[in-house]
Every structure is written in C-alpha cells, then in structure tokens.
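What follows is a short report on a single structure.
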Amino acid sequence: MNHSEVSDKTTLGFWVYLMTDLLTFGVLFATYAVLKGNIASGPSAQELFSLPFVLTETLILLTSSFTAGMAMLAVHHLKKNQVFAWLSITFLLGISFLAMEVWEFNNLIAEGHSWRTSAFLSSFFTLVGTHGLHIAVGLLWMIVSVVMVWSRGLTPFVSSKLARLGLFWHFLDIVWIFIFTFVYLYAHV
Amino acid sequence: MQQFIFGKLTLAALPHEWYTIGATIFMTLGLIGAVVFLTYFKRWKWFWEWCTSTDPKKIGIMYIIVASLMLFRGAVDAALIWAQQAFFSTANTGLSPDHFQQIFTAHGTIMIFFVTMGFMFGLMNYIIPLQIGARDVAFPFLNTLSLWLYIAGVVFINLFFVIGGDFAATGWLAYPPLSELQYSPGVGVDYWIWSLQISGLGSLLGGINLLVTILKMRAPGMTLMKMPLFTWTSLCSMVLIISAFPLLAATLLLLFLDRYLGMHFFTSNLGGNPMMYVNLIWTWGHPEVYILMLPSFGIFSEVVAAFSQKRLFGYRSMVLATIAITMLSLLVWLHHFFTMGAGADVNAFFGIMTMIIAIPTGIKVFSWIFTMYGGRIIFASPMYWFLGFISTFTFGGMAGVLMAIPPADFQLHNSLFLVGHFHTMVIGGALFGVFAGITYWFPKVTGFKLNERLGKSAFWCWIIGFFVSFVPLYILGFMGATRRLDHYDAATGWQPLFITSAIGLCLIAGGVALQILQIIVSIKQRKQKADANGDLSRLGRAEADPWNGRTLEWATSSPPPFYNFAIIPKVQSRDDFWETKLRRSKNQGIRESEYEDIVMPKNTAMGIYLSAFIFLVGFAFVWHIHWLAIAGLIGSIAVVLIRAFDEETEYTIPAAEVAKMEAKK
C-alpha cells in the first residue's frame with residue numbers, strides 16, 4: 565500500500581471520527597434544547613449571557629481558524645518557519661479563547677450559578693465545557709505538532725498528521741458557530 | 012488523607028456475600044489455572060505474541076473466546092432468574108429482590124454488550140478482510156485497541172464481584188431516576204456506566220475501522236455490488252455503529268455527570284427530565300439491536316447460497332433491503348416506550364415506521380427461501396441453524412409487529428410477552444447466526460470441520476429448548492405477567508408455566524454441553540485422522556474449501572497464512588471464487604502473477620497499555636479517586652503520544668520469502 569493510499573484511508577477514517585464527534589455534540593445540543601427552560605430557582609439564559617463577551621470569543625476563534633488555514637498552506641508549500649509562526653499564533657488565539665471561557669465559568673460559579681443549580685445550567689456547562697475540552701485537546705495537539713515538525717521536519721508522515729489537526733480545529737470552529745447561535749444568540753430572542 | 016488516596020474505596024468493598032465470594036474464588040481459580048498452564052507449557056512468549064498481535068484473524072479469535080466466557084456468565088445469570096421464577100417465586104426463600112434485580116441487569120448487559128457484540132466483531136475481524144481480498148483491516152493499531160478496550164470492559168463488569176459487591180439493580184438500560192445517586196447510592200450503576208463507556212469506545216473505533224476497511228481496501232475489481240452479502244450487512248452494521256454509539260457515549264456521560272458532579276440532566280428535581288434519558292438511550296438502543304442482527308443476516312445469506320449450491324436470489328434487492336433496514340432502524344426508537352405519554356400522533360408515526368421495517372426484512376426472508384428453491388440442498392448443520400432461524404425469527408418478528416401497534420403495546424409493554432419477543436430475536440436471529448457462522452467458518456480457521464452429528468444434536472436441543480422456554484413466556488405475557496419480578500402470587504396459577512420454561516432452559520443447557528463436547532470430539536477426531544495420514548501439517552488442498560464455497564475467503568489455505576493473500580486477487584464477478592473454480596474446471600487458464608514484497612503491521616503492546624490506563628480512569632471515577640483519574644488520563648495521553656511519534660509500525664516480507672512460504676503450503 566503506497567503512501568497516498570494510506571493517507572486516503574487515514575483521512576477518511578478521521579472524517580468518520582469527526583462525524584461521530586458531531587453526533588456526540590448533537591446529543592448535547594438536543595439536551596440543551598430540551599432542558600434550557602428548566603431553570604428551577606436559578607437564573608435563565610437571558611439573564612446570564614453577555615453578547616459582546618461572546619462576540620469577542622467568536623472573533624478570536626474564527627481568526628484562529630484562519631491562521632490554522634494559513635499554517636496548512638505553509639505545510640503544503642513546505643515552509644517550516646511559517647508553519648511554526650502560524651501554528652504559534654493559532655495556539656495563542658486558542659488559549660485566549662479558552663481563558664475567556666474559563667473566566668466566564670468562574671464568574672458564574674462565583675455568583676452561585678453552578679452546574680448543580682438547575683438542568684439548564686447543567687446542560688450549558690456540559691455543552692460549552694465539552695467544546696472547551698476539545699479546544700484544550702487541540703491546543704495540546706498543536707504543541708505536540710510543533711515538536712514533531714521541529715524534530716522531524718515536514719515529512720509526509722508529519723504533514724498528514726498536521727492536515728488532521730487542521731480538520732479538527734475547523735470542526736471545533738463550526739461547532740462553536742452552533743453554540744454561539746443556539747446557546748447565546750437564542751437566549752436573547 | 013484516607014479519602015484522598017482511596018476515594019470512596021474501603022475494606023467493606025471486598026467480597027462478603029455468598030455470590031461475590033463465590034465468583035471471586037471462581038475467577039481467581041481460573042486465573043491461577045491459566046497462569047499454571049502457561050508456565051508449565053512454557054507458553055508465555057506465545058501468549059504475549061497473541062496479545063500484542065495486530066492480525067485481525069488472531070484478534071477475531073480472541074474476541075470469540077472472551078465472548079464465549081461471557082456467554083457462560085450470562086447463562087448462569089439466566090439460570091438464576093429461571094430458578095427463582097420457577098421454584099422460589101411463591102416461596103419466602105430464594106434470591107433477595109435487590110440481588111434478583113442485579114442479576115437480570117447483569118444478564119442483559121452482558122449478553123448484549125459482551126457476548127453478541129464480541130462474537131460479531133470476532134467473526135467480522137476474521138472473515139471480512141478475507142472476503143474482500145485484503146490482508147488486514149484499515150487501522151491495525153485501532154483494531155488491537157478495540158479488542159483490549161472490550162476486554163477492559165469485560166474485566167470491569169466482573170470486577171464488582173471482587174471490589175464493590177454491588178451491581179446496578181436498574182435493568183440493563185439503567186433508567187433514571189432509579190439510576191441516579193439518590194436511588195442508587197452504591198457503586199453498581201457506576202460500574203455499569205464505565206464498563207459500557209470503555210467497551211463502547213472500543214466498538215465505536217471498531218466501527219470506524221471496518222467501515223474504512225470495506226470502503227477502501229477491497230481487491231481490484233470488487234465493486235460494492237460484487238461484495239459478498241456478509242460484507243454488505245457488516246458495512247451497514249458499521250454505519251449504524253458510527254451513528255449510534257456516539258449517542259450512547261454522550262448519554263452515559265450525562266448520567267455520569269449527574270452522579271459524579273451533581274448535575275441535573277435526569278434527576279427528579281431542579282429541572283431534570285428522566286424522559287429525555289429514555290429517548291436518548293433508545294436512539295442508541297434500537298440501532299444497537301440491528302447492529303447485532305445485520306451481520307447475522309449476512310452469515311445466513313452466505314450459508315444459504317453455499318448449502319443450496321446456488322447463487323443468492325435477488326442480490327440487488329437484498330442489498331437494497333439491508334440499506335432500507337439500516338435507515339429505518341434510526342426512525343423507530345419510540346416503540347420502546349409508547350406508554351411514556353408522547354400522545355397518539357407521535358405514537359402513530361413510530362408505530363407505522365416500525366411496521367414498515369418488517370417489509371425489507373420480509374424481502375430478505377423470502378429471498379433466502381427463493382435461494383433454496385431449485386437448489387441442490389446439502390443439509391449440513393449450518394443449514395439447520397438457518398432453518399431454525401427462519402422459523403424462530405419469523406415467529407418473534409410477528410410478535411414484534413403486533414407490539415408495533417400502540418394500543419396493543421399498551422397491554423403488552425414490559426410484560427413477559429415482550430421478553431419472549433426480544434429473546435426470540437436475539438437467540439433465533441443473532442445467536443443462531445453466530446452458531447451457523449462459527450460452524451461454517453470453523454474449517455477455514457482450523458483446517459478441520461466440527462463433528463456434524465453432535466452439531467445437529469446440539470441444534471435440536473437448542474431449538475426445542477428454546478420453544479419450550481419461551482412460548483410459556485409469550486402466554487404468560489398475554490395473561491398479564493409483568494417482567495422483572497422475582498415474585499408472582501401463587502393464586503395466579505402461573506407456576507406450571509414457569510416450570511415448563513425452566514425445563515426448556517435445561518434442554519438449552521444440554522445443547523450447550525453438546526456444543527462443548529463437539530469441539531472436544533472434533534479436535535480428537537482430527538488428531539486420529541492426521542495420525543492415520545501420518546502428517547498433521549499436510550491435510551490436503553481439499554480442506555481449504557471443504558464446503559465448496561462461493562466467496563473469496565475459501566480461496567486461501569485453511570488456516571490462511573498471516574498475510575491472507577500472497578497475491579491480491581483481481582475480482583471479476585460476484586461469488587468470484589465460485590466463478591474462478593468454474594473457469595479452472597473448464598481449463599480456462601488463470602494468469603499467475605509474480606510475488607511482490609508484502610508490508611505487514613508489527614505487533615504492538617500499546618493497545619494493551621492504553622486500555623489499561625483508560626481502565627484506571629474508569630475505576631477512579633467509580634470510586635472517586637481523583638488523583639488516579641488524573642494519573643490514568645496522563646498515562647493514556649503519554650501512550651497516545653508515544654504511538655503518534657512511532658514511524659516504524661510496519662515491516663516488509665521480501666517477495667522471495669513470500670514465494671518460499673507459499674511453496675511450503
């Protein structure tokens with residue numbers, strides 16, 4: 565089996581995995597949709613969510629998708645230094661996003677609105693938190709990728725792994741669009 | 012301090028009931044026996060080579076062995092249920108209600124997740140690469156990981172006997188609020204959650220693996236419409252696995268979060284909605300039963316064609332029917348809870364969809380029968396299992412169509428009629444398929460057939476025993492008997508029916524005993540035959556194709572070489588091997604190709620290590636040992652990274668060596 569056949573299989577396999585991950589998020593979205601009105605004695609979505617804050621998060625994440633795309637272009641053109649640069653920027657944007665999210669969660673908990681307060685809050689923390697965990701995994705993957713590029717160069721082996729990282733990162737961006745829409749925007753509808 | 016190190020784990024978790032002590036002793040003896048055996052026969056290196064193998068043939072055999080062990084445990088659970096209902100249900104002795112509930116929960120969980128899934132993955136791993144003319148599956152490392160995650164799940168579900176003493180007492184799907192912390196405060200439900208989460212991950216990865224294998228690794232010339240039916244139905248089953256198992260994983264996660272972090276998805280207070288769980292778990296649960304059933308349908312398609320010596324009737328319709336069943340199975344889940352109150356309109360939709368799914372199933376049944384018509388039928392034991400399946404499955408299927416009508420279901424929901432129905436489907440459908448497949452492919456794996464006489468006797472015990480066992484349950488269900496009760500009032504007069512059912516179980520047990528005897532006798536007979544021929548290693552080319560098979564797996568030796576095919580075949584038609592034999596017999600020569608270098612994956616222990624760390628994470632979550640969860644997570648990540656950086660996962664066999672190995676056959 566030559567290299568392009570192997571890479572074919574692995575790419576298909578990764579896409580299939582991404583679709584299963586999408587289904588997992590689907591369950592979390594469906595659960596949020598059903599339970600978001602069950603606020604018990606706690607706050608509702610409208611009371612809690614600040615759109616300017618979330619808009620900032622969204623712009624950061626969307627930009628990081630752009631920079632990830634630039635990194636993939638650099639991989640394609642075998643420009644190792646550019647790959648380092650663009651991946652580092654993507655990482656910084658990603659970690660800023662995560663920091664903002666952690667700050668938001670912290671704030672909510674400090675005000676007494678934790679995941680134990682109501683079904684709505686359980687669903688919110690789980691949906692957004694699962695996305696955040698995926699982002700954290702992506703960030704770790706980016707660090708590992710930089711190490712791999714640094715130690716092995718942009719070989720076909722390394723490049724195909726970076727391609728999958730790119731897919732993963734864009735996938736998380738798409739999921740965030742859905743979160744932004746159905747969790748935050750809908751709260752104010 | 013003690014709480015930090017041990018979480019909720021205390022000495023009280025060690026066995027102190029008769030059944031936990033008994034099971035612990037039994038498993039310990041078994042383990043000691045295995046260690047003694049391996050040491051005495053100096054087989055540790057051989058054992059480790061098997062464990063770290065990436066060969067789907069070896070992985071398949073390991074799945075089947077573990078599944079057989081779990082079949083034994085599930086059957087013991089079944090025997091306890093039968094005994095309780097037949098002999099103790101009207102008395103004051105017998106199993107306690109709580110213990111009884113744990114037993115039927117374990118019985119269902121084990122039979123579905125660890126027996127049937129194990130047998131199916133075993134057969135698919137061994138046979139699918141051979142049927143499509145490939146040497147391996149798409150992702151050999153993921154394959155060994157899937158096996159070891161499955162084994163980790165098996166260890167997990169047996170671990171509660173040793174540490175914890177408590178299993179879920181909630182039924183095999185653990186509905187909340189009963190499965191929430193408030194009503195199940197012990198570790199039982201947590202053991203249930205994590206054994207399923209871990210083995211479920213293995214199943215999901217296996218689904219991705221086999222899907223990509225079938226789509227990307229077929230031999231040149233084998234278009235989708237030239238694939239054998241077993242491969243087709245397995246492909247559809249894999250599509251269902253990747254669609255459904257993420258739903259199970261997410262739902263188990265939510266239940267876990269309720270229990271571990273005090274969330275309120277399904278609690279009975281603060282906004283939780285237990286009905287959401289029922290919906291979510293059944294959107295997985297219904298596709299799951301088709302995941303179990305479709306490969307079985309494929310096995311029967313192979314068996315009917317081979318033993319009618321005639322090609323399968325209506326190949327195209329069979330494929331379309333299978334695809335239709337696959338898609339429809341995603342649209343019927345609510346028929347598992349018509350009584351939950353969704354209302355007449357919703358119930359009507361799902362009732363109609365459920366009835367519609369009987370149509371493509373019926374197409375398959377008729378196609379099998381039409382395959383037989385006009386064929387020269389050989390009544391070998393796989394054909395017996397097929398005929399047993401046709402009668403039983405149709406019978407149980409009709410019961411299902413009856414329950415698809417919501418007003419009827421309101422009377423029959425959660426009655427013993429339902430229990431009869433689904434056992435008919437899994438035993439008559441999935442399990443008989445497994446037996447047919449194992450008998451049919453046994454000579455491919457080992458080089459010799461199973462003893463036919465014992466196989467047929469086992470079949471008769473099974474089918475008569477099955478009807479004696481389950482027809483009483485259908486009758487009891489009609490009379491209003493509710494399921495999952497350890498106690499039925501003597502005034503009902505139902506005890507004779509329960510006793511009849513228990514007699515059926517004894518017959519089935521006889522069938523199982525005959526099957527075990529069959530294996531022993533077959534091995535003995537093979538030794539005798541080989542001694543007569545003088546040489547065990549050359550039993551003649553005829554053994555490669557003992558049933559005069561039609562599909563590619565029979566083109567290899569029995570057992571096949573570890574690389575399956577020295578030369579990847581070029582496929583020209585359906586049932587290509589059959590056509591090849593016809594061409595050979597007509598002396599239409601086949602151009603022999605040159606041998607090429609063969610690249611094979613190396614053995615790896617990373618699947619074992621990763622599963623071990625994931626196991627530790629699960630264990631830590633059950634017992635709330637936070638540091639262990641973090642350690643397990645870090646260990647898992649470390650193993651993944653080590654594997655990710657490994658570029659030397661394959662080795663090459665030079666063409667000359669391939670030629671030598673082929674010449675020795």
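Note that the protein sequences, when read in sequence, are chains A and B.
Numbering of the first sequence is given in our numbering, commencing with residue 565 and proceeding in unit increments.
Numbering of the second sequence is given in our numbering, commencing with residue 12 and proceeding in unit increments.
C-beta: ideal position from N, C-alpha, C; glycine also.
From the DSSP output, which residues share a beta bridge with residue i?
{"i": "T663(B)", "result": "V610(B)"}
{"i": "S678(A)", "result": "The partner list for S678(A) (beta bridge, DSSP) is empty, contrary to what the question assumes."}
For residue i, which of helix, strand or coil comes out of DSSP?
{"i": "T493(B)", "result": "strand"}
{"i": "S426(B)", "result": "strand"}
{"i": "Y194(B)", "result": "coil"}
{"i": "W293(B)", "result": "helix"}
{"i": "D546(B)", "result": "At D546(B), the pLDDT of 46 sits below 50, so the modelled position is not reliable and the matter cannot be decided from this model."}
{"i": "T337(B)", "result": "helix"}
{"i": "V582(B)", "result": "coil"}
{"i": "K725(A)", "result": "helix"}
{"i": "V437(B)", "result": "helix"}
{"i": "G407(B)", "result": "helix"}
{"i": "N103(B)", "result": "coil"}
{"i": "R322(B)", "result": "coil"}
{"i": "G385(B)", "result": "coil"}
{"i": "L718(A)", "result": "coil"}
{"i": "E658(B)", "result": "coil"}
{"i": "P187(B)", "result": "coil"}
{"i": "W558(B)", "result": "coil"}
{"i": "F15(B)", "result": "helix"}
What do you get for residue i, buried or exposed, if any count of 16 or more other CB atoms within 10 angstroms of its CB means buried?
{"i": "H27(B)", "result": "exposed"}
{"i": "Q14(B)", "result": "exposed"}
{"i": "L331(B)", "result": "exposed"}
{"i": "D420(B)", "result": "buried"}
{"i": "E665(A)", "result": "buried"}
{"i": "A261(B)", "result": "buried"}
{"i": "M12(B)", "result": "exposed"}
{"i": "W93(B)", "result": "buried"}
{"i": "D201(B)", "result": "buried"}
{"i": "H752(A)", "result": "exposed"}
{"i": "S715(A)", "result": "exposed"}
{"i": "F52(B)", "result": "exposed"}
{"i": "Y137(B)", "result": "buried"}
{"i": "K725(A)", "result": "buried"}
{"i": "T337(B)", "result": "buried"}
{"i": "T234(B)", "result": "exposed"}
{"i": "A553(B)", "result": "Because the pLDDT at A553(B) is just 49, under 50, the model does not fix this residue reliably, and the point stays unresolved."}
{"i": "E191(B)", "result": "buried"}
{"i": "V639(A)", "result": "buried"}
{"i": "R54(B)", "result": "exposed"}
{"i": "N103(B)", "result": "exposed"}
{"i": "M304(B)", "result": "buried"}
{"i": "L508(B)", "result": "buried"}
{"i": "E564(B)", "result": "buried"}
May I ask you to check if the CB of residue i is nearer than 7 angstroms to at least one heavy atom of the ligand SAM?
{"i": "T562(B)", "result": "Among the ligands in the structure shown, none appear at all, so the ligand SAM cannot be discussed."}
- Can you give, in chain order, each stretch of the alpha helix (DSSP H) that sits fully within the stretch 208-277 of chain B and has at least 4 residues? 240-272
- Message: Which runs of the alpha helix (DSSP H) at least 4 residues long sit entirely within the stretch 115-184 of chain B? Give them in chain order.
- Response: With a minimum length of 4 residues, the continuous alpha helix (DSSP H) runs that stay inside the stretch 115-184 of chain B are 128-142 and 151-173.
- Write down every uninterrupted run of the beta strand (DSSP E) in the stretch 631-688 of chain A whose length is 3 residues or greater and which is fully enclosed by it, in chain order. none
- Query: Can you find at least 3 beta carbon pairs, one from the stretch 521-541 of chain B and one from the stretch 567-576 of chain B, that sit closer than 8 angstroms?
  - Reply: no
- What are the uninterrupted segments assigned as alpha helix (DSSP H) that are 4 or more residues long and contained completely in the stretch 461-547 of chain B, given in chain order? Whole alpha helix (DSSP H) segments, 4+ residues: 463-489 and 506-544.
- Query: Do the stretch 313-326 of chain B and the stretch 365-381 of chain B make contact, defined as three or more Cβ pairs closer than 8 angstroms?
  - Reply: Yes, since at least three Cβ pairs between the stretch 313-326 of chain B and the stretch 365-381 of chain B fall closer than 8 angstroms, the two stretches touch.
- Message: Would you call the stretch 508-518 of chain B in contact with the stretch 475-492 of chain B, where contact means no fewer than 3 C-beta pairs closer than 8 angstroms?
- Response: yes
- Query: Can we say the stretch 63-78 of chain B touches the stretch 608-622 of chain B, given the rule of at least three CB pairs closer than 8 angstroms?
  - Reply: yes
- Curious, which full-length alpha helix (DSSP H) runs of at least 4 residues does the stretch 19-83 of chain B contain? Correct list: 29-51 and 55-62.
- Message: Across the stretch 108-119 of chain B and the stretch 146-165 of chain B, are there enough close Cβ pairs to call them in contact, namely three or more that are closer than 8 angstroms?
- Response: By the Cβ rule, the stretch 108-119 of chain B does not count as touching the stretch 146-165 of chain B, because fewer than three pairs are nearer than 8 angstroms.
- Message: Within 8 angstroms, do at least three Cβ pairs link the stretch 690-709 of chain A to the stretch 284-300 of chain B?
- Response: These segments do not touch.
- Query: Below 8 angstroms, can you find three or more Cβ-Cβ pairs linking the stretch 411-419 of chain B to the stretch 354-369 of chain B?
  - Reply: yes
- Query: How do the stretch 574-583 of chain B and the stretch 219-232 of chain B stand: do at least 3 beta-carbon pairs fall below 8 angstroms, yes or no?
  - Reply: The way I'd put it, the stretch 574-583 of chain B does touch the stretch 219-232 of chain B; three or more beta-carbon pairs between them come closer than 8 angstroms.
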